[in-house]
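Protein chains in written order, with my numbering: chain A, 33 to 147; chain B, 3 to 116.
Even for Gly, the Cβ is constructed at its ideal location relative to N, Cα and C.
What you are looking at is a predicted structure, and each value in this text was computed from that prediction instead of being measured.
This report refers to the structure that appears directly beneath it.
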Amino acid sequence: AQKVTQAQTEISVVEKEDVTLDCVYETRDTTYYLFWYKQPPSGELVFLIRRNSFDEQNEISGRYSWNFQKSTSSFNFTITASQVVDSAVYFCALSEVTTGNQFYFGTGTSLTVIP
Amino acid sequence: NAGVTQTPKFQVLKTGQSMTLQCAQDMNHEYMSWYRQDPGMGLRLIHYSVGAGITDQGEVPNGYNVSRSTTEDFPLRLLSAAPSQTSVYFCASSYSTGGAWEQFFGPGTRLTVL
Numbered sequence: 033a034q035k036v037t038q039a040q041t042e043i044s045v046v047e048k049e050d051v052t053l054d055c056v057y058e059t060r061d062t063t064y065y066l067f068w069y070k071q072p073p074s075g076e077l078v079f080l081i082r083r084n085s086f087d088e089q090n091e092i093s094g095r096y097s098w099n100f101q102k103s104t105s106s107f108n109f110t111i112t113a114s115q116v117v118d119s120a121v122y123f124c125a126l127s128e129v130t131t132g133n134q135f136y137f138g139t140g141t142s143l144t145v146i147p
Numbered sequence: 003n004a005g006v007t008q009t010p011k012f013q014v015l016k017t018g019q020s021m022t023l024q025c026a027q028d029m030n031h032e033y034m035s036w037y038r039q040d041p042g043m044g045l046r047l048i049h050y051s052v053g054a055g056i057t058d059q060g061e062v063p064n065g066y067n068v069s070r071s072t073t074e075d076f077p078l079r080l081l082s083a084a085p086s087q088t089s090v091y092f093c094a095s096s097y098s099t100g101g102a103w104e105q106f107f108g109p110g111t112r113l114t115v116l
């Protein structure tokens with residue numbers, strides 16, 4: 033079974049629009065960590081955020097914000113006032129304490145911001 | 003610090019050829035891993051190592067071998083390349099603080115098997 037599901041394969045938005053990338057995860061652990069990574073067209077993986085399962089506070093960093101809801105097992109990522117430089121593939125990932133450091137990645141969401 | 007380095011960046015092989023993808027890190031991390039990235043599949047774990055001399059299989063280990071003789075290096079070997087191994091390969095090293103793991107990825111190796 034897929035531990036991390038990113039149902040949105042591709043999203044296109046016009047510049048300055050807000051966009052939310054969905055991530056749903058599955059785990060039986062009570063302690064786990066969730067991550068978002070960005071992969072721009074150049075191909076490298078860029079770390080964006082890590083959250084632990086005990087901290088459900090939403091986080092905002094500039095135009096980026098993350099909404100973590102344990103009740104729905106979701107960790108969604110919103111970009112406000114999108115820019116062309118936000119065009120990339122975004123991956124959500126899960127790390128469980130019981131499986132050590134194995135990271136489970138979603139299949140990614142490809143975001144295109146149209147100028 | 004160079005972080006995680008991978009060589010080569012690009013490689014083309016013929017079916018049946020062998021090669022080694024190199025990965026090195028200078029952060030003294032005990033944990034290293036190899037992933038492959040395929041379109042629509044995300045990143046899938048091939049092999050990982052929790053320290054020198056210790057390796058284990060991930061989700062898709064078939065066709066790949068690894069060894070870990072030093073903390074710094076974690077090479078991935080393809081003994082007999084197949085077209086199904088055409089992919090982008092990422093090496094990562096990790097450390098833990100208070101149970102929270104953080105991974106650092108290399109720049110990737112794009113491999114094509116003809």
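Item checked: Counted within 10 angstroms of its Cβ, other Cβ atoms place A/GLU128 as buried (16 or more) or exposed -> On the first sequence, residue 128 of chain A is found 96 positions in, with the first residue counted as 1. Classification of A/GLU128: buried, given that the 10 Å Cβ count is 16 or more.
Next item on the list: Establish whether the CB of A/LEU80 and some CB of chain B are separated by less than 8 Å.
Entry: Locating residue 80 of chain A in the first sequence gives position 48, where the first residue counts as 1. No, A/LEU80 lies away from the interface with chain B (no Cβ there is under 8 Å from its Cβ).
Check: Based on Cα-Cα distance, which residue from A/GLU88, A/GLN101 and A/ILE92 lies nearest to A/ILE111?
Finding: Position 79 of the first sequence holds residue 111 of chain A. Nearest of A/GLU88, A/GLN101 and A/ILE92 to A/ILE111, Cα basis: A/ILE92.
Next item on the list: Could you please tell me which residues of the stretch 106 to 129 of chain A, in chain order, have their CB closer than 7 Å to any CB of chain B?
Entry: PHE123, SER127 and VAL129
Notebook entry, point to check: So does A/LEU77 have its beta carbon nearer than 7 Å to some heavy atom of the ligand MG?
Noted result: Absence of the ligand MG is noted for the structure shown, with no ligands found whatsoever.
Notebook entry, point to check: Listing by chain order, which chain A residues have their CB less than 9 Å from the CB of B/LEU47?
Noted result: As a first step, residue 47 of chain B must be located in the second sequence, where it is residue number 45. Residues of chain A passing the Cβ test: GLN134, PHE135, TYR136 and PHE137.
Checklist line | Residues that A/LEU77 contacts on chain B, provided the C-beta gap is smaller than 7 Å | finding: Start at 1 with the first residue of the first sequence, and residue 77 of chain A comes out as number 45. In chain order: PHE92 and PHE107.
Notebook entry, point to check: Three or more beta-carbon pairs under 8 Å between the stretch 113 to 120 of chain A and the stretch 18 to 25 of chain B, yes or no?
Noted result: no
Margin query: Under 8 Å, Cβ to Cβ, is there at least one residue of chain B near A/TYR64?
Written below: Working through the first sequence from its first residue, we reach residue 64 of chain A at position 32. Using a CB distance cut-off of 8 Å, A/TYR64 does not count as an interface residue toward chain B.
Next item on the list: Confirm, please, whether the CB-CB distance from B/LEU113 to B/SER20 is below 8 Å.
Entry: Here the question's residue 20 of chain B lines up with position 18 in the second sequence. Here the question's residue 113 of chain B lines up with position 111 in the second sequence. Contact: no.
Margin query: Quick check on the DSSP output: what are the complete alpha helix (DSSP H) runs of length 4 or more inside the stretch 55 to 105 of chain A, in order along the chain?
Written below: With a minimum length of 4 residues, no continuous alpha helix (DSSP H) run stays inside the stretch 55 to 105 of chain A.
Margin query: Taking CB distances under 8 Å as the criterion, tell me whether B/TRP136 reaches chain A.
Written below: Nothing can be reported for residue 136 of chain B: it is not among the residues displayed for chain B, which extend from 3 to 116.
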